[in-house]
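To start, the structure itself, in structure tokens.
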Amino acid sequence: MTKTQKVFLVIYLVLVAFACIYVPWKVNTAVAQGTIVTDSIMYSPIWAMHTFTDTYAGAYVDLSRVLLEIVALTAVFAIPFVLAAKTPEDLLDEILSDSDLDEEGSEEEPKEEEPKEEEPTDEEAKAS
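Residue numbers (our numbering): 1495 to 1622.
What follows is the structure, given as structure tokens:
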């Protein structure tokens, strides 16, 4: 997973969490005898249950809209998430650049490092 994909994933998860916490509410309104109208009223946190003393029996979360918001967020963030993925050619280039192969494709012999002579420190130089 690339860094860009991780950023998209974090933003997506934060927005889905927000959509699940700050939800739309709707109420049933009694208009006439036996007739009930459902109206959307507001967005508010899930823990803020709304009740009304007028003709409203009570408010409840509009779960269909919450689900629609989550599906829409998934659709919007899936496209850039997939496009930000590394292509097979990029992965192959990365593998080849990391390997110890020369241009001809044969393995290079590792070069032995020459031991470095340590330079005397200031204290050792003053002592001699």
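For glycine and all other residues, C-beta sits at the position ideal for the given N, C-alpha and C.
Quick one, which of the options has its alpha-carbon nearest residue i's?
i, options, result
"residue 1515", "1581, 1578 and 1538", "1538"
"residue 1508", "1591, 1585, 1536 and 1571", "1571"
"residue 1540", "1554, 1532 and 1531", "1554"
Considering only residues of the same chain and omitting the five flanking positions on each side of residue i, which have a CB-CB separation below 8 angstroms?
i, result
"residue 1534", "1518, 1519, 1520, 1556 and 1559"
"residue 1550", "For residue 1550, the predicted model reports a pLDDT of 49, less than 50, meaning its position is unreliable; a value from the coordinates is still stated below. Closer than 8 angstroms at Cβ, skipping near neighbours: 1521, 1522 and 1523."
Assuming residue i contacts residue j under a Cβ cut-off of 8 angstroms, what Cβ separation, rounded to an integer in Å, is found between them?
i, j, result
"residue 1578", "residue 1502", "6 angstroms"
"residue 1510", "residue 1573", "Residue 1510 to residue 1573, Cβ: 16 angstroms. No contact."
Straight-line CA distance for residue i to residue j?
i, j, result
"residue 1591", "residue 1496", "18 angstroms"
"residue 1589", "residue 1504", "27 angstroms"
"residue 1529", "residue 1552", "16 angstroms"
"residue 1585", "residue 1522", "56 angstroms"
"residue 1500", "residue 1576", "11 angstroms"
"residue 1542", "residue 1498", "36 angstroms"
Excluding five sequence neighbours on each side, which residues of the same chain lie with their C-beta closer than 7 angstroms to the C-beta of residue i?
i, result
"residue 1567", "1506, 1509, 1510 and 1513"
"residue 1583", "none"
Please return the same chain residues whose Cβ sits closer than 6 angstroms to the Cβ of residue i, not counting the five positions on each side in sequence.
i, result
"residue 1525", "1531"
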